[in-house]
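Going left to right, the sequence shown walks through residues 618 to 749 as my numbering numbers them. No residue lacks a Cβ here, since even glycine has one placed at the ideal position from N, Cα and C. Have a look at the structure below before the remarks.
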Amino acid sequence: MIRVVLDTNILISAVFWRGRPYEILKHGIGGKYTLIASVEILEELIDRLKNKFGFPDMELLMYVDILLSHVHLVQKTSAVTACRDPKDNKILETALDGNAHYIVTGDPDLLVLKQFQGISIMTASEFLESFH
Numbered sequence: 618m619i620r621v622v623l624d625t626n627i628l629i630s631a632v633f634w635r636g637r638p639y640e641i642l643k644h645g646i647g648g649k650y651t652l653i654a655s656v657e658i659l660e661e662l663i664d665r666l667k668n669k670f671g672f673p674d675m676e677l678l679m680y681v682d683i684l685l686s687h688v689h690l691v692q693k694t695s696a697v698t699a700c701r702d703p704k705d706n707k708i709l710e711t712a713l714d715g716n717a718h719y720i721v722t723g724d725p726d727l728l729v730l731k732q733f734q735g736i737s738i739m740t741a742s743e744f745l746e747s748f749h
């Protein structure tokens, strides 16, 4: 089965808007492909939803609980320095350690790579065009 890492910006977009990121998350939860995440990605998601967007604690817990029940959580063991923004290396590390085929992101610092060790890096639109 196809294994996909969704960047934090895609997960956040899926919460607030019913666009392409939402469609990707919905299909992943529905089992069309395996969603891969790490504790570090979930920590960033929680931090952004709570501190940047003021997400209420109960809704935050429900969302994270739904994610946890539908993602394959990997423990990062790789150390990568390939991204021009060091904070984004966790996405590459998660994809590498989770044997992902794709990273879906809206982050230009990741998109500029196009590929990393055989893992395709693409926008939500590009991913949907490839698989739907």
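Nearest-angstrom beta carbon gap, residue j and residue i [assumed within contact, 8 Å]
i	j	result
I738	L727	5 Å
I627	V721	5 Å
P638	A741	5 Å
L745	I641	7 Å
L677	L666	6 Å
C-beta contact flag for residue i and residue j at 9 Å
i	j	result
I752	V632	Because the chain here runs from 618 to 749, residue 752 falls outside it and cannot be looked at.
G715	A654	yes
L652	V681	no
K731	T711	no
D624	I658	yes
F733	Y650	no
DSSP beta-bridge partners of residue i
i	result
R620	T651
I766	Outside the displayed range of the chain (618 to 749) lies residue 766, so it cannot be described from this structure.
Between the CA atoms of residue j and residue i - distance to the nearest angstrom
i	j	result
E743	Y719	11 Å
R620	S686	16 Å
Start-end ranges of the alpha helix (DSSP H) lying completely within the region 652-730, minimum 4 residues:
Restricting attention to alpha helix (DSSP H) runs no shorter than 4 residues, the region 652-730 encloses them at 656-664, 674-687, 706-714 and 725-728, ordered along the chain.
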